[in-house]
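Structure first, then comments.
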Amino acid sequence: MKEAESSATTYGITNVSGGSIADRLNQLKVSGEENWKKRASREKIAEMGMPTFNQKNEKQDLPIVQPATIASRLSQLEASSETWRERIEETDAKQFAVASKISKVASGKITADKKSVHQLSRNWKSVVIVEKVLILKVGTRIQKAIHIEVPVVNDEEINQFFATKEITDIADKVDLNIDDFNNIFVESSDILQTVRKIRPLRKKKASGHNPLKTVTQFVEVQTAYVQVTSGVVKKELRRLKIEGLAHEAARAGLASIENFSKVELRKTEPSIFPAALGARHNPFCDLMLLHVKGRRNVQTRLVAPLAKSINAGDCYILITPKNVINWIGQYSNIIEKAKAAEIAIIIQQKKDLCFRETTPVASIEQAKDHLGAGKIFWASLGGVKEVQACGPDEEDELYESSIIKTNMVYRLVDNTLQPYHQYWGSIPRYEMLQEKEVIIFDFGSEFYVWQGKAVNMEHRKQGMALAKKLWEKGYDYSECVISPMCPLHMEEQGGIPSKSLNRPDWTIFGKINQNMETILFREKFGDWPDSARLIGVKTTKTLELKTEFADIRPYDALKMIPIPDTPVTMLLDGAHVGRGKKWCYMQGFTKEQDIITLGIRVWHVQEYDHCCLPETSYGQFHCGDTYVVRWQYMITNAGSLKGHGARHSLTGRERCAYFFWQGQDSSINEKGASALMTVELDEERGPQVRVVQGKEPPCFLNLFEGRMIVHIGKREDPATNTQGQWRMYHIRNDDPGEICLLEIHISIVNLRSRTSLILLNVLTGVVYIWHGCKTPKHIRALALLAVQNIKEKRPLELFLHSDAPVTVREVEEGEENSEIWSALGERDRGLYHSMMCIPDVEICDATPRLFYMSSVSMMFEVTEQLNPARLPSTTTPFPFLQSDLYRAPQPALFLLDVGHTVYLWQGWWPVGSEEVKNIHTGSAQARYNHDRKCAMETTLHYYREQKQKGVCHSAYLIYAGAEPLVFQNLFPYWEADSTVQELARKEGRTDGHCEPVEDFYARFAEAQYSLLQLQDRPLPDGVDPLRLETYLSDEEFEEVFDMKKDDFYKLPAWKQNQLKQSLGLY
1 MKEAESSATT YGITNVSGGS IADRLNQLKV SGEENWKKRA SREKIAEMGM PTFNQKNEKQ
61 DLPIVQPATI ASRLSQLEAS SETWRERIEE TDAKQFAVAS KISKVASGKI TADKKSVHQL
121 SRNWKSVVIV EKVLILKVGT RIQKAIHIEV PVVNDEEINQ FFATKEITDI ADKVDLNIDD
181 FNNIFVESSD ILQTVRKIRP LRKKKASGHN PLKTVTQFVE VQTAYVQVTS GVVKKELRRL
241 KIEGLAHEAA RAGLASIENF SKVELRKTEP SIFPAALGAR HNPFCDLMLL HVKGRRNVQT
301 RLVAPLAKSI NAGDCYILIT PKNVINWIGQ YSNIIEKAKA AEIAIIIQQK KDLCFRETTP
361 VASIEQAKDH LGAGKIFWAS LGGVKEVQAC GPDEEDELYE SSIIKTNMVY RLVDNTLQPY
421 HQYWGSIPRY EMLQEKEVII FDFGSEFYVW QGKAVNMEHR KQGMALAKKL WEKGYDYSEC
481 VISPMCPLHM EEQGGIPSKS LNRPDWTIFG KINQNMETIL FREKFGDWPD SARLIGVKTT
541 KTLELKTEFA DIRPYDALKM IPIPDTPVTM LLDGAHVGRG KKWCYMQGFT KEQDIITLGI
601 RVWHVQEYDH CCLPETSYGQ FHCGDTYVVR WQYMITNAGS LKGHGARHSL TGRERCAYFF
661 WQGQDSSINE KGASALMTVE LDEERGPQVR VVQGKEPPCF LNLFEGRMIV HIGKREDPAT
721 NTQGQWRMYH IRNDDPGEIC LLEIHISIVN LRSRTSLILL NVLTGVVYIW HGCKTPKHIR
781 ALALLAVQNI KEKRPLELFL HSDAPVTVRE VEEGEENSEI WSALGERDRG LYHSMMCIPD
841 VEICDATPRL FYMSSVSMMF EVTEQLNPAR LPSTTTPFPF LQSDLYRAPQ PALFLLDVGH
901 TVYLWQGWWP VGSEEVKNIH TGSAQARYNH DRKCAMETTL HYYREQKQKG VCHSAYLIYA
961 GAEPLVFQNL FPYWEADSTV QELARKEGRT DGHCEPVEDF YARFAEAQYS LLQLQDRPLP
1021 DGVDPLRLET YLSDEEFEEV FDMKKDDFYK LPAWKQNQLK QSLGLY
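Just so we're aligned, residue 1 is where the sequence shown starts under full-length UniProt numbering, counting upward by one.
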């Protein structure tokens, strides 16, 4: 009773002011541990399993019964020792685990009191769970289910939870005055204006604040559901039972004493299970022991992977899938050691034979082969055994000659294997391995079927079949001095028999294709080409090639005269696409393929950004920008030219290619960004092609169907575009689908008599098509077609006025009106090379040809520069641009053939700077002078050959920066380079300077000069500054140096240079 009173007193203390922290903690502890019992009803405590005070007293008043015997006492002690389990709660693992829940449901121990449950639901708003056992049939199994009821939603409680306050109930207020509103009005000007979107009126009234009530209005909410159990317990018991039976069967199997040694397995043909029986015929096995022995022609042979094969006088290489071990015998010679080390390293680096790991080569010597990798070596060979002693000194030579005589070589001839007598019993040579041969090599322990890459499948099968028959016959080395199966042990000494019908299991029957030979196979050849074994030596001849240029001879001009007739195409993803529409090729007969464009996309790439252009801007480029073009296409068979159509027209797959177009005025960063963006956009991993302005391939031009235009400036910077109302465009290419309009600066200087130009007024929409007096007919038609495309599409990049209709007017050269002269600015026809006064007889309709000359490869070579969009059957007046000359590595040499005249264009020496040092040195000048001489000789040869045919009439030498007007007008437009012009003036060349090649070559090839001429600067053209003394006559040389030339060149180099410096010739 005292305990009850004290607890009741404690319960009454709910709030005490003051006191220490310890007192407050004590009160909280007592309130948490005891007072909850007074707040709960006695029935609730009883339901929760807690004893009441009356129950405690009742237990205390019960009479205590003492056990009668010792056995009963022991049983009571044992029972009381287990009562602690009933006093503790179940663990979380048992209480909440799925297995525990299943066991409770199966045993029916889960019960719930409706009264307590309803009381809890009234206090905690929890879900009501009432257990009802149901019987459900699932297939043939009967499972128990629990019926769970969901309580009905109480609207009053939900509304009370989601209740909102009225504005009048809010006590928080903010005091504002007129000044505050003025400040808000002033600061609101900095805020961006927002456009309020007009929203349609709601057709239905907004829903209330109760989400559960809203859901119940549209969705039928179930008030009960059935939870079905799946009988996992029975399945688990069945699994444990089966597992127990399996354990018993396994123990019974281990206890059996059956003997399977006499059981023979059925032999299966290799054709049935080729992979299981090694029908791939790999030229290696998983465990290989290579024997390296010899002195002059070191032999590497496969021997039995046994410890008895080891000899102290030789080297061995053990190869497994994980290790390459080089075992070095104590008495092996230096050649064997080097050869073994070389082979082991090649196997490890190339992953040759059966080795597949990255572990390094382990080299072990005989004296230390019991440590480290030596343990692996001997364990792979069956254990450590006594190593055989080495033989006499002459053993290596005898072994070489004897083992080579055992080589047997066969070749496939007319479906039979015939001995290759030339290499029978000798060292094979590399020259015997021809691409159309099938050769069988029998080295005893190694049997190879070598097949050339040009051998057809029928001969390959015949060779393999005959080789298998030869392999199955076994071997016979009874008449040989030694047997390659076991060269160091006789049969009487426990070695392998020298004659047998079956070869050992460790031998190799391998198939080797050309260019796929293993290192073990290559070592059988005495002259296998290996660049790593060649030691380069600088000879006198090689030094002369580097220092002397006299051996460089002119190019044969007869090779330059034929016009190349190769069709224009581009190889994308291993297939030719031609000009982007059709491709014809020879495959026994002429076959056609159609290239179908499925779609294109264009991105404008800037240095730090890119954007996808709309379809209206496709084909509109700017010379200061870079673009990425995605081409999706398909290649289909169109049939043959014999008139037969293809059986399957749409047999190709969808392909994708990416072009990154780079304008001539784009920056280095933009060009790099276009290349990187191409890689980023290329999701299909298709081919990526770089396209330079002016060098567009036909398949690229055909994507825009003749509507491509290249504008001046940048797309995002209108200030760089052409200002004013007039634009001038030059027509490029000769095919209607490949038309490209190139915008040039509007000026009379850019008029050309052999082409048509387009003048566009963007304000009025007037388009003038100016035709030169010598314009071909197809160029006139292309100009009309290009203007028609502009009239139809009206690209935004042209900045045409929206209200201006496009009016087309054609004008001939010499009939220009005042509006055209006003647009051009001047009327002087002398500013361009007009052909109005030149008779038609003197005009050649041939397409110009351009050749690049250089001796970079220590040979004077001439390469023709071809127009990527050329049409062999059509005359192209302007196939090249000025950039082809000026953007080549300088100083450059070009030959331009325009039919009636041949021009030899000579570049300039670049000016040095702090970043780029000047390359105008003495040796470079001498090299360039020799190239000039060869170029002039080649040009004269070419000119004379063309003159004999009545085609060419003259040959002129042109200098960069001083080109005459006739030469400039051979290109569609010409922009003068002030730097190059200044360099030309410093060298004494005036504007328009040119002279016949024959006259200049006569002065250039002059062999003798006086001392004063050689001391003067600049030196005469063609003089080698490093060998000025050679241009003196014999009499003047002897007078100046006081010795003859032969005596001078016998002096050391330093003495010669000292004498030349004293005379100003160095």
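Virtual Cβ for every residue (Gly too), placed ideally from N, Cα, C.
May I have the straight-line CA-CA distance separating residue i from residue j, to the nearest angstrom?
i, j, result
"E386", "Q366", "11 Å"
"C480", "I496", "14 Å"
"W471", "I439", "14 Å"
"V806", "S756", "19 Å"
"L831", "A935", "31 Å"
"R932", "L904", "10 Å"
"P564", "C584", "18 Å"
"P419", "V292", "27 Å"
"K714", "T939", "42 Å"
"Q906", "Y658", "37 Å"
"K1044", "S667", "59 Å"
"K339", "P321", "21 Å"
"A255", "V384", "35 Å"
"S380", "M516", "28 Å"
"G992", "A962", "5 Å"
"D393", "F447", "30 Å"
"V232", "L77", "39 Å"
"C837", "R985", "32 Å"
"L751", "I958", "22 Å"
"F724", "N817", "Correcting the residue identity first, residue 724 is Gly in this sequence and not Phe. Distance between the alpha carbons of G724 and N817: 19 Å."
When the distance is taken between beta carbons, is residue j closer than 8 Å to residue i?
i, j, result
"T518", "D352", "yes"
"K581", "I595", "yes"
"M708", "W603", "no"
"A467", "V449", "yes"
"R553", "E397", "no"
"E945", "L558", "yes"
"Y430", "D527", "yes"
"W327", "D286", "no"
Do you know whose CA, among the options, lies nearest residue i's CA?
i, options, result
"H281", "G444, A892, I512, R985", "I512"
"D977", "M1043, P910, S818", "P910"
"K308", "A338, M490, I403, I325", "M490"
"S617", "S402, H711, T720", "H711"
"F880", "T874, Q890, A869", "A869"
"P524", "F162, D625, E400, S478", "According to the sequence shown, residue 524 is Lys rather than Pro. Ranking F162, D625, E400, S478 by Cα distance to K524 puts E400 first."
"P698", "N721, T720, C740", "C740"
"L290", "N867, C486, E615", "C486"
Which of helix, strand or coil does DSSP assign to residue i?
i, result
"H941", "helix"
"N731", "Here residue 731 turns out to be Ile, not Asn, going by the sequence shown. In the structure shown, I731 sits in a strand (DSSP, three-state: E or B)."
"V324", "strand"
"E365", "strand"
"A338", "helix"
"H711", "strand"
"A892", "coil"
"K949", "coil"
"P419", "strand"
"M464", "helix"
"S674", "helix"
"N282", "coil"
Does the ligand MG have a heavy atom nearer than 7 Å to the CB of residue i?
i, result
"T1030", "With respect to small molecules bound, the structure shown includes none, and the ligand MG cannot be examined in it."
Cβ contact check for the stretch 407-419 and the stretch 335-345: 3 or more pairs under 8 Å: no
Determine, using beta-carbon pairs with one atom in the stretch 298-305 and one in the stretch 356-365, whether at least three such pairs fall under 8 Å. no
With a cut-off of 8 Å, do at least 3 Cβ pairs link the stretch 753-770 to the stretch 670-687? no
Taking three-plus beta-carbon pairs below 8 Å as touching, is the stretch 819-831 in contact with the stretch 891-899? Because the criterion of three Cβ pairs below 8 Å is not met, the stretch 819-831 and the stretch 891-899 do not touch.
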